[in-house]
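Chemist:
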Amino acid sequence: MKEKRLGNPLQHTGVQNVLAALIAILIGMLVGFVILLITDSSMALKGLGAIMTGGVQDMKNVGQVLYYATPLIMTGLSVGFAKRTGLFNIGGPGQFMMGAFAAVYVGVKWTFLPGGIHCLVAILAACLMGALWGVVPGLLKAYCNINEVITCIMMNYIGMSTSNVLIRAYIFDRTKNQSLRPVDGANLPKLGFDKIFVADVGTPSSVNAGILVAILLAIVVWVILSKTKLGYELKACGFNKDAAKYAGISEKRNVVLAMVIAGALSGIGGGLNYLAGAGTGIAVGSELAQQGFDGIAVALLGMSNPIAIIFTGILMAYLTVGGLAMQSYGFVSQIISIITSVIVYFAAFILFFSQIIGKLGKRGGKNDANANADQTPPAPPVQTEKGGDAQ
Amino acid sequence: MKLDELIFFLVQQTMYFAIPLLVVALGGLFAERSGIVNIALDGIMIIGAFTGIMFLQMVQATGMSGQGMLLAALVVAALSGVIISAVHGFASINMKADQTISGTAINTFAPAFAIFVARMMTGVQQIPFKNDFLIRKVPVLGDIPVIGPMFFQNAYITTYLGVLILVASWVVLYKTRFGLRLRACGEHPQAADSVGVNVYKMRYAGTLLSGALAGIGGVIFVVPTSTNFNATVSGYGFLAIAVLIFGQWKPGRIALAALFFGFMKTLSVSYGLIPGIKDLSISGEIYKMVPYIATLIVLAFTSKNSAAPRAEGIPYDKGQR
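Note that the protein sequences, when read in sequence, are chains A and B.
Residue numbers for the first sequence follow our numbering, so the first one is 1220 and each next one is one higher.
Residue numbers for the second sequence follow our numbering, so the first one is 24 and each next one is one higher.
Have a look at this one:
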C-alpha cells in the first residue's frame, strides 16, 4: 500500500477524496453562476466574485468566516462522530439549543464566578446539557430498541420548547424577545483576535477563542476514533453490531456513550455560538436551530472525518460570508443555500469521482508499483466511506 | 362550546394535522420498503407545496376556483415531487451514494429554491392564496348524527383523498405483484434480483411514489392551516418520518400513529377550549411539547422489535450478489 501511495498521488484515497470534494465544490459554483446569470446577467460576474472572495475580502471577513465556522464544526463533529458509530444524529438542533441555553444561563446568572473560570463553567454546562439531550435517544435505542432518528426528531421539538420556557422564566429580554446576553466575564476570550481580524472601518470581527476550542475538539475526536480502544469499539459497533457483540463489546453501553458524546459536541456548539460576545441572545420562537441541521451537511461533506470536518465547516462559513458580500449586488441570500445543497448533493458522488480519478491516475502513471495496484479491485462503498481516515 | 361540539371540533382539527402526516408517511413507506431511505420528505413537501400553491395563486388570479382546482394543484405538486425525488433516486440508486446525503441536500435546496423563485416572480417570498376549499357540509353524509359532524362537516376534500391513498397503499403493497416485489427489494434485494426482479427499477418506483405523495402532502398541509405559503412546512416532513417509524413501516399502524400524533397536536393548540385545562395557568409552550413527549412514551412501551426493512439504506450493487 505504501509503495502505491508514493508511486502516484492520484492513487491515494485521501487525495482522491479531496479532489472529488473539489469537483463537487466546482459544480456547486457553476450552478451558482448559472443562477446568478438567470437572475441578473449584468451583475453575475461581480456576484460570483463576491461569493468566491468575500470571505477573504478583508481581515474582518476572514475573522467572520472563522466565527461562523465554529458552531458548524461542532455540530458537524456531532453528526460525524455518531455516523462513524453507526448512528444518525438528527437531534443536533435540540442539543444545540439546550447547550446554548445552559451556557447563557450560567453566563448571565452565575456572576459569582471569576473571569476565566466563568467561561469554562458555562461551556461545561453546555456540554452537560447537550449530553443530556443525547442520552435520551441513546438509552431509548439501547434499551427499548427505538430508532434514534425518531427520538432525535422528538427531542428537537422538546428541546426547542424547553429552552423557550426556560429562557422566558429565567433569562428573558422582553424588549428583544430573546435571551439576555452573558456578562462580559463569561464570554470566550478574544485572544487579541479583535486586533487582527478587523477592517479599516467599523467593528472588529466576532471571532474568538471558540474556533480554537472547536479545532481542538475535532483533533480530540479524531484521536478518540482512530487511536483509542473506546473509538475502536464504537466503530466496531458501527460496522457490524452483531460481530462487535460477539467480540465481547458491550453494544448497549456504546450506543449510549456515542449519543452522549455526540450530544455533548452539539451542546458545546450551542454554547460557543452564544458565548461569542457578538451581541446576540438566543431567539425565542418556533424555529429549530438551523446550525443543527447544517451540521449534517458539514459532516457528510467531510465524510465524517473529524479533521476534514474542520475544513468543510470553514467552507460552509466561507460561502455564508461570501453570500453576504454577494447581496450587495442585489442577489438574494438563498442562492448560497442552493449552491450549498448542490455541493452536498455532488458530495454524494465522491466515491464515483474518486474511482474516476483513481483510473485516470493509473493511466497516467506507468511505473511498476502501479502495475500491481491495477490488480486490486476498488474497495466496496461501505468500507471506503466509513474508513475515511483509517489510514 | 358544548361538549359534543367540542369533540366534533377536535376531530375535525385532528384531521387537518393527521392527513398530511399520513400521506407523507405513506410516501416514505414506499421508498423505505423498496430499500431507499428518504429523509428528503420535508424538502419534497416544500417543493410540492410551493408548486401547488403557486399554481393555485395563478389560476385564482384568472378567476377560476373550486375543488377541481385544488385537485389540479395536487397533481402539479405530485409531479414536482416526482421530479425532485428522481434526483434523490439517481444519487441513491444509480450512484450508490449514501442515501442521507442527497436527502440532506434536497432539504437544504427546497426552502431556498422556493424563496428564490417566489422572490424572482413576485418580489416577495410569501405566496398568498384564497382558501375557498372548505366543505361546510357534505350532502346527505353530513346529516348523519355524530359521524356526520365529525367527518363530513368543515372538512377538506383532501381528507377523503388521504383515506383513499391509505387504502390504495395497503392494496398495492400487500395485494399486488408490484407490492410484493417492492417489499422484496427492501428486505433482500439479492434474492429479488435472483428471481428476475429489476431491483433498480423497483427502487425507483418506490422513490418516485414517495416523491409524489410527499409533494401532495405539502399542499394538503398548507391549505387547511394557512392562507399563504412561506417556504416552510413546519418540519412536518421530519414528523412524517417519525410517524413512519412509529407506525412500524405498516400502513394501518402508520394511520394510527398519524391520528395519535394529529390528536395530540390538536390538544396542544386548542387546550384553551377544553374545560378544566384552560383554568390551569400553564404556559402554552408546555402544551406544545405534549405530542412529542407522548410519542416518546408510547414508543418506549410499544417498540421492542424494530420492523425496519432489512436492506434499507444499503445501496444495491448487482456485482456483489
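Note that the Cβ used here is the ideal one computed from N, Cα and C, for glycine as well.
Only a predicted model underlies this, so the values are computations on that prediction, with no experimental measurement involved.
If you count every other CB in all the chains shown that lies within 10 Å of the CB of LEU93 of chain B, and 16 or more means buried, which is it?
Modeler: Buried is the call here.
Chemist: Spell out a yes or no on whether the stretch 108-124 of chain B and the stretch 288-295 of chain B are touching, meaning 3 or more CB-CB pairs, one atom from each, closer than 8 Å.
Modeler: Verdict: no, contact absent.
Chemist: What does the Cβ neighbour count give for LYS1680 of chain A, buried or exposed, with the cut at 16 atoms within 10 Å?
Modeler: Nothing can be reported for residue 1680 of chain A: it is not among the residues displayed for chain A, which extend from 1220 to 1610.
Chemist: Determine the burial state of ASP1513 of chain A: buried for a count of at least 16 other Cβ atoms within 10 Å of its Cβ, exposed for fewer.
Modeler: Label assigned to ASP1513 of chain A: buried.
Chemist: Report yes if the CB atom of MET1522 of chain A is closer than 7 Å to the CB atom of TYR315 of chain B, and no otherwise.
Modeler: Contact flag unset, no.
Chemist: Return the residues of the stretch 282-316 of chain B that lie within a Cβ-Cβ distance of less than 7 Å from chain A, sorted by chain order.
Modeler: Residues passing the 7 Å Cβ filter: SER306, GLU308, ILE309, LYS311, MET312, TYR315, ILE316.
Chemist: In chain A, what lies closer than 8 Å to ILE264 of chain B by C-beta?
Modeler: Under the 8 Å cutoff, chain A gives VAL1368, ILE1369, ILE1372.
Chemist: Any C-beta of chain A sitting closer than 7 Å to the C-beta of ARG204 of chain B?
Modeler: No, ARG204 of chain B lies away from the interface with chain A (no Cβ there is under 7 Å from its Cβ).
Chemist: Scan the stretch 217-259 of chain B and note each continuous alpha helix (DSSP H) run of 4 residues or more that stays entirely inside, going in chain order.
Modeler: Counting only runs of 4 or more, we get 222-248.
Chemist: What would DSSP say about GLN1602 of chain A, mapped onto helix, strand or coil?
Modeler: Note on GLN1602 of chain A: pLDDT 40, under 50, position unreliable in the model; the coordinate value appears next. DSSP places GLN1602 of chain A in helix when its eight states are reduced to three.
Chemist: Assuming ALA178 of chain B is part of the beta strand (DSSP E), what are its boundary residues?
Modeler: Looking at the DSSP string, the run of the beta strand (DSSP E) that includes ALA178 of chain B is 176-178.
Chemist: Check whether chain C comes within 7 Å of MET144 of chain B, counting only Cβ atoms and requiring the distance to be less than that.
Modeler: No chain C appears in the structure shown, which is made up of the protein chains A and B.
Chemist: Residues in the stretch 1565-1576 of chain A with C-beta within 9 Å of chain B's C-beta atoms, listed in sequence order?
Modeler: Residues passing the 9 Å Cβ filter: PHE1565, ALA1566, ALA1567, PHE1568, ILE1569, LEU1570, PHE1571.
Chemist: Against chain B, which members of the stretch 1246-1267 of chain A pass a CB distance test of less than 9 Å?
Modeler: Those would be ILE1254, ILE1257, THR1258, in chain order.
Chemist: Under 8 Å, with one C-beta from each stretch per pair, do the stretch 173-191 of chain B and the stretch 37-51 of chain B reach the 3-pair mark?
Modeler: Yes: the two stretches touch, three or more of their Cβ pairs being nearer than 8 Å.
Chemist: Which one or two residues does DSSP pair with GLN1397 of chain A in a beta bridge?
Modeler: Partner(s): A:ASP1392, A:ALA1502.
Chemist: Under three-state DSSP, which class holds ILE1533 of chain A?
Modeler: Looking at ILE1533 of chain A - three-state DSSP - the assignment turns out to be helix.
Chemist: Note the first and the last residue of the continuous beta strand (DSSP E) segment covering ARG159 of chain B.
Modeler: It spans 158-160 - the beta strand (DSSP E) in which ARG159 of chain B sits, taken as one unbroken run.
Chemist: Could you work out which residues of chain A lie near THR131 of chain B, taking near to mean beta carbons separated by less than 7 Å?
Modeler: In chain order: ALA1516, SER1556, THR1559, SER1560, VAL1563.
Chemist: Beta-carbon separation of ALA178 of chain B and ILE69 of chain B under 7 Å?
Modeler: No.
Chemist: Pick from B:SER306, B:LEU322, B:GLY229, B:GLY146: whose alpha carbon is nearest that of GLY206 of chain B?
Modeler: It should be pointed out that residue 206 of chain B corresponds to Arg in this sequence rather than to Gly. Looking at the Cα atoms, B:GLY229 is the closest of the given residues.
Chemist: Go through its chain and collect everything with a Cβ distance to VAL222 of chain B's Cβ below 7 Å, but skip five positions before and after it.
Modeler: CYS208, PRO212, ALA215, ASP216, TYR339.
Chemist: Is it right to say ASN1459 of chain A is buried, meaning 16 or more other beta carbons lie within 10 angstroms of its own, or is it exposed?
Modeler: ASN1459 of chain A is exposed by the Cβ-count criterion.
Chemist: Please return the same chain residues whose Cβ sits closer than 6 Å to the Cβ of ALA16 of chain B, not counting the five positions on each side in sequence.
Modeler: This structure cannot settle anything about residue 16 of chain B, because the visible part of chain B is limited to 24 through 344.
Chemist: Less than 7 Å between CB atoms is the rule here; does ASN1383 of chain A satisfy it with respect to chain B?
Modeler: It does; some Cβ of chain B falls within 7 Å.
Chemist: Considering just the uninterrupted stretch of the alpha helix (DSSP H) at GLU55 of chain B, what are its terminal residues?
Modeler: 26-56 is the extent of the alpha helix (DSSP H) around GLU55 of chain B.
Chemist: Along the stretch 1430-1459 of chain A, where does the CB come closer than 9 Å to a CB of chain B? Name the residues.
Modeler: Correct list: empty, as no residue qualifies.
Chemist: Of all Cβ atoms in chain B, is any one closer than 7 Å to the Cβ of CYS1346 of chain A?
Modeler: No, its Cβ sits nowhere closer than 7 Å to a Cβ of chain B.
Chemist: Is DSSP giving ILE346 of chain B helix, strand or coil here?
Modeler: In this structure chain B extends from 24 to 344, so residue 346 of chain B is not present and cannot be described.
Chemist: Could you work out which residues of chain B lie near SER1192 of chain A, taking near to mean beta carbons separated by less than 7 Å?
Modeler: The first residue shown for chain A is 1220 and the last is 1610, placing residue 1192 of chain A beyond what the model contains.
Chemist: Please classify ASP1461 of chain A: does DSSP put it in a helix, a strand, or coil?
Modeler: Here ASP1461 of chain A sits in helix by DSSP.
Chemist: To the nearest angstrom, how far is the alpha carbon of ALA1502 of chain A from that of GLN1397 of chain A?
Modeler: One C-alpha to the other measures close to 4 Å.
Chemist: Which residues in the same chain as PHE31 of chain B place their Cβ atom closer than 8 Å to its Cβ, once the five residues preceding and following it in sequence are excluded?
Modeler: So the qualifying residues of the chain are PRO172, MET173, GLN176.
Chemist: Going along chain A in order, which residues have a C-beta closer than 7 Å to the C-beta of GLY258 of chain B?
Modeler: Per Cβ cutoff of 7 Å: LEU1507.
Chemist: What residue range is occupied by the uninterrupted alpha helix (DSSP H) comprising LYS1265 of chain A?
Modeler: Unbroken alpha helix (DSSP H) run through LYS1265 of chain A: 1263-1272.
Chemist: CB GLY51 of chain B to CB LEU33 of chain B, shorter than 7 Å?
Modeler: No.
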